[in-house]
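Shown next, in structure tokens, is the structure this report addresses.
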Amino acid sequence: MDPAIDASLVSVESVSDSLSSTGYLPDAAIATIVFLAARLNKPLLVEGPAGVGKTELARSLAAMTGRQLIRLQCYEGVDESKVLYEWNYRKQLLRIQAEQGQNWDQLSGDIFSEEFLLERPVLQAVRSDAPTVLLIDEIDKLDMEAEALLLEVLSEWQVTIPEMGTMRAVTTPLVILTSNDSRELSEALKRRCLYLHLDYPDLEREKAIVLQRVPELPETLAEQIVKVVQSIRELELKKAPSIAETLDWARTLLHLNVTTLDPETLQRTLSVLLKFRSDLSRAEQHLDLGD
Amino acid sequence: MLNRLLAFTHALRNAGVPVSISESIDSLRALEHIRFEDRTAFRTALATTMIKTRSHEQAFDALFNVYFDGGGPADIDDLHDREDQHHAAEGAESFMDELFESIVAGNGGTGGMGELARRAVGRFGRVLSSPSDSRYFEYPVFRALDMDVLLQRLNEQGAEAAGLEGIDARIAGDRFRAAVASFRSEVRAEVQRRVARRKGPEAVTRHSIRPLPEDLDLATASRAEMDEMRRAIRPLARKLATRTAMKRRNATRGGLDVRRTIRHSLSTGGVPLDISLKHKVPHKPELFVLCDISSSVARFARFSLMLVHAMSSGFTKVRSFVFIDTIDEVTHLFEDDDLFVAVDRVNAEANVVWIDGHSNYGASLERFLDLYGKDVTARSTLLILGDARNNHRAPREEALKELHSRAKHVYWLNPEPKAYWDTGDSAASRYAVFTDGMHEVRTLRDLENFTAEVLT
Ligand SMILES: Nc1ncnc2c1ncn2[C@@H]1O[C@H](COP(=O)(O)OP(=O)(O)O)[C@@H](O)[C@H]1O
Ligand SMILES: [Mg+2]
Chain A
40 MDPAIDASLV
50 SVESVSDSLS
60 STGYLPDAAI
70 ATIVFLAARL
80 NKPLLVEGPA
90 GVGKTELARS
100 LAAMTGRQLI
110 RLQCYEGVDE
120 SKVLYEWNYR
130 KQLLRIQAEQ
140 GQNWDQLSGD
150 IFSEEFLLER
160 PVLQAVRSDA
170 PTVLLIDEID
180 KLDMEAEALL
190 LEVLSEWQVT
200 IPEMGTMRAV
210 TTPLVILTSN
220 DSRELSEALK
230 RRCLYLHLDY
240 PDLEREKAIV
250 LQRVPELPET
260 LAEQIVKVVQ
270 SIRELELKKA
280 PSIAETLDWA
290 RTLLHLNVTT
300 LDPETLQRTL
310 SVLLKFRSDL
320 SRAEQHLDLG
330 D
Chain B
514 MLNRLLAFTH
524 ALRNAGVPVS
534 ISESIDSLRA
544 LEHIRFEDRT
554 AFRTALATTM
564 IKTRSHEQAF
574 DALFNVYFDG
584 GGPADIDDLH
594 DREDQHHAAE
604 GAESFMDELF
614 ESIVAGNGGT
624 GGMGELARRA
634 VGRFGRVLSS
644 PSDSRYFEYP
654 VFRALDMDVL
664 LQRLNEQGAE
674 AAGLEGIDAR
684 IAGDRFRAAV
694 ASFRSEVRAE
704 VQRRVARRKG
714 PEAVTRHSIR
724 PLPEDLDLAT
734 ASRAEMDEMR
744 RAIRPLARKL
754 ATRTAMKRRN
764 ATRGGLDVRR
774 TIRHSLSTGG
784 VPLDISLKHK
794 VPHKPELFVL
804 CDISSSVARF
814 ARFSLMLVHA
824 MSSGFTKVRS
834 FVFIDTIDEV
844 THLFEDDDLF
854 VAVDRVNAEA
864 NVVWIDGHSN
874 YGASLERFLD
884 LYGKDVTARS
894 TLLILGDARN
904 NHRAPREEAL
914 KELHSRAKHV
924 YWLNPEPKAY
934 WDTGDSAASR
944 YAVFTDGMHE
954 VRTLRDLENF
964 TAEVLT
């Protein structure tokens, strides 16, 4: 139960160093909050626009602690049978048919047992003997009902299956919940979590991330790239370019053997960064790229 | 320290941030794990346990500044100012030069302007009310140091002075604007810290902690605040749209859900005793928005139009009409999908002034009935936005009465405080009787609540 068994989590500095060595570059706030979440044994809600490193943070946490990453990808319509468990109906029906005439009490005891249980991510995390990282990705896509269900598990760390009884967690997982903020989450859920608002990184950190992920890139070009991206982000856009797009753009430019950004290159490659026609023309105007 | 922390929590709650008891306890637990002297860690520990929404961050920052960075003896400021004496001789002009050079040299980033702001407040921000009591304010600082002039100079000469060329020169403007904005907020923070040191943090928070963007009064918001609200529109619309979808899904259930039914049947030996139903595709209303865009309510109209169109997926159709003393349809302007451009075009392109440009609700409603009345059916919801100030003209509420009888619902949003309704030339209640409700809507939060509770 003691999270301190993970050497990488003993201090803010060690969190910071360990994350960096997995290739994830945190700022002071990220490292501090991850450290506190582990210390206080609380789920961490990471909120922010798409492509700023929310999912990657959970992956890197798993990598740095050597824990298994268990991921629940949320989408509309996810319910108990995707979050906790489901019975394997086909197998159960086959058994019922095969055992025609058998005593029902006996049979129902048989078919509602381990053999017919399909574990879903949250139950899997509860039942795991070794500590895990449980990633509940894009929780804002869940409906209220499913959110309430999760909240219950996150506070009790136990799951009751009527036919099998109550199962209690042996170890508490490190829980990361992510949200793109497409809707307000319930107050109750937020109260239970620590909160990390992930936004686009500042110039220095984004440059470091680019150099980390595309190491062949000349430093001066990396700096130019990041400056342009950050400048474009200030515009009112339908979809601002995220770190993921910065990286795509950097790779494209490397591939094209570009050494310095000139208007023609920008004009030619800006569409890697911006997906909407109207955003593109706004950026072109901003950068004063005649056509 | 504990007392200060409790006072801080209290101030947060007063500013509209709902910090619960359990979160307060979490913050104390978190503090056990960090070193006190580490300011950044201290601040982060408080923020992560007490602030769970982005829009509350600003209130947190402002309050943290006065409660925890504003501490220390009051005369420390005088001491610092005296240390700065050798600078004090310099006038506003040379200070502006210094600012210019510092920003050109790239010191505009986070925190980079703090030292200059401190000196600026000591040098220009002091107002002596009596020989023994000096007080600090923002306005004399910015009277001495005109930020518009600075920004203009940066835009004209900054790139060259910094030796920037090509693309770097083109985007230098963003950096300059950010640096000037950062200097501004550092000055504000410094003034607040000084006031906090002299009079205690409560003295600052009573006056100068700004409301959250969703609570700003649309009628009196400044330009910068308007920008903040504009940024709040899209997330707000997304939230509302998701909520609507969810509400509709839960409201109506249809068809057989085979998986659920089988699942339940297993506990009855495979016999489906309980039938589970799937969600039925819901009916979406068709929305007509009628907006007064005369100057008294223009801002309110803009926000409402943006919000409604941003969540247009929640309706089968949204048709927008704007009026002053006559009415015009502007639905097509929102088709290119860029809200901000669209609302700008509404003002420039709509044909809404017929005689004199004073609002005429009666004539506008009548004309709407004539031209578009045939499209209003039992599936339609009408949303009328305006202060119902009719400039003493005939209200002609029969037109509204007729529309009310055809439509499913008619709602009226009035941006005036309720206390003013029916005063002067307001015909509020004469219209209100032919609606399903007239609502006071003065902030984005009001608009959000109305939309969430009534419209969807
Ligand atoms: N701090 C970081 N250090 C290194 N790479 C990062 C960092 N943040 C984001 N990235 C990169 O950005 C990309 C997008 O991150 P992702 O986690 O998928 O975003 P999100 O889940 O927020 O939508 C990934 O390719 C990731 O490698
Ligand atoms: Mg993700």
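As you go down the protein sequences, you meet chains A and B in turn.
Heads up: the first sequence begins at 40 in our numbering, then just goes up one per residue.
Heads up: the second sequence begins at 514 in our numbering, then just goes up one per residue.
Ideal Cβ placement from N, Cα and C applies to all residues, glycine included.
Contact list for residue i against chain A, beta-carbon separation under 7 Å
i	result
L748 of chain B	A small fix is needed here, since residue 748 of chain B is Pro in this sequence, not Leu. D220, listed in chain order.
S533 of chain B	R230
E669 of chain B	In chain order: nothing, as chain A lies at least about 16 Å away.
T561 of chain B	I72, L75, L233, Y234, L235
G679 of chain B	D301
H546 of chain B	L75, R78
Below-8 Å beta-carbon distance, residue i vs any chain B residue
i	result
Q112 of chain A	no
I178 of chain A	no
D144 of chain A	no
R78 of chain A	yes
E153 of chain A	no
E273 of chain A	yes
L193 of chain A	no
CA-to-CA distance, residue j to residue i, given in whole angstroms
i	j	result
T14 of chain A	Q107 of chain A	This structure cannot speak to residue 14 of chain A, because chain A is shown only from 40 to 330.
T161 of chain A	L123 of chain A	In the sequence under discussion, the amino acid at residue 161 of chain A is Val, which differs from the Thr named in the question. So the two alpha carbons sit approximately 5 Å from each other.
R508 of chain B	T733 of chain B	Beyond the ends of chain B as shown, which are 514 and 969, falls residue 508 of chain B; an answer cannot be given.
V265 of chain A	W925 of chain B	48 Å
E177 of chain A	L84 of chain A	10 Å
Y63 of chain A	G713 of chain B	42 Å
S615 of chain B	R690 of chain B	14 Å
A43 of chain A	L75 of chain A	Because the pLDDT at A43 of chain A is just 44, under 50, the model does not fix this residue reliably, and the value given afterwards should be weighed accordingly. Taking the straight line from one Cα to the other gives about 11 Å.
S270 of chain A	A861 of chain B	29 Å
A187 of chain A	E119 of chain A	11 Å
A560 of chain B	S537 of chain B	11 Å
V708 of chain B	L576 of chain B	13 Å
L276 of chain A	S825 of chain B	18 Å
D327 of chain A	E284 of chain A	21 Å
M660 of chain B	M626 of chain B	14 Å
E138 of chain A	E153 of chain A	18 Å
V267 of chain A	I684 of chain B	7 Å
Q705 of chain B	A633 of chain B	14 Å
CB contact below 8 Å: residue i versus chain A
i	result
D554 of chain B	According to the sequence provided, residue 554 of chain B is Ala. The question's Asp does not apply to it. Answer yes: the Cβ-Cβ gap between A554 of chain B and chain A drops below 8 Å somewhere.
R567 of chain B	yes
R666 of chain B	no
F816 of chain B	no
N962 of chain B	no
T557 of chain B	yes
R880 of chain B	no
I616 of chain B	no
R919 of chain B	no
A543 of chain B	yes
E536 of chain B	yes
Neighbourhood of residue i by C-beta, 7 Å cutoff - its chain only, sequence neighbours within 5 removed
i	result
V91 of chain A	L237, D238, Y239, S281, I282
F963 of chain B	L926, H952, V954
P928 of chain B	L731, A732, V810, F813, D900, V954, R955
A89 of chain A	N219, S281
Heavy atom of ligand 4 within 7 Å of residue i beta-carbon
i	result
K93 of chain A	Annotation note on ligand 4: not contained in the displayed structure, which lists ligand 1 and ligand 2 as its ligands.
Cβ-based neighbour list, residue i, same chain, cut-off 8 Å, excluding 5 preceding and 5 following
i	result
L79 of chain A	L233
A630 of chain B	F696, E699, V700, A702, E703
A745 of chain B	S568, P726, E727, L957
Chain B residues whose Cβ lies nearer than 9 Å to that of residue i
i	result
L305 of chain A	I680
D149 of chain A	Those within 9 Å of D149 of chain A in chain B number zero; the least Cβ separation is about 12 Å.
Residues of its chain near residue i, where Cβ-Cβ distance is below 6 Å and the 5 sequence neighbours each way are ignored
i	result
T104 of chain A	D45, S47
L173 of chain A	I109, A164, P212, V214
Q112 of chain A	D176
T718 of chain B	A524
I897 of chain B	L803, W925
8 Å Cβ cut-off: residues of chain B touching residue i
i	result
Q263 of chain A	I680, D681
Residue i: contacting residues in chain B (beta-carbon distance under 7 Å)
i	result
S270 of chain A	I684, D687
Residue i: contacting residues in chain A (beta-carbon distance under 8 Å)
i	result
D539 of chain B	L79, K81, L233
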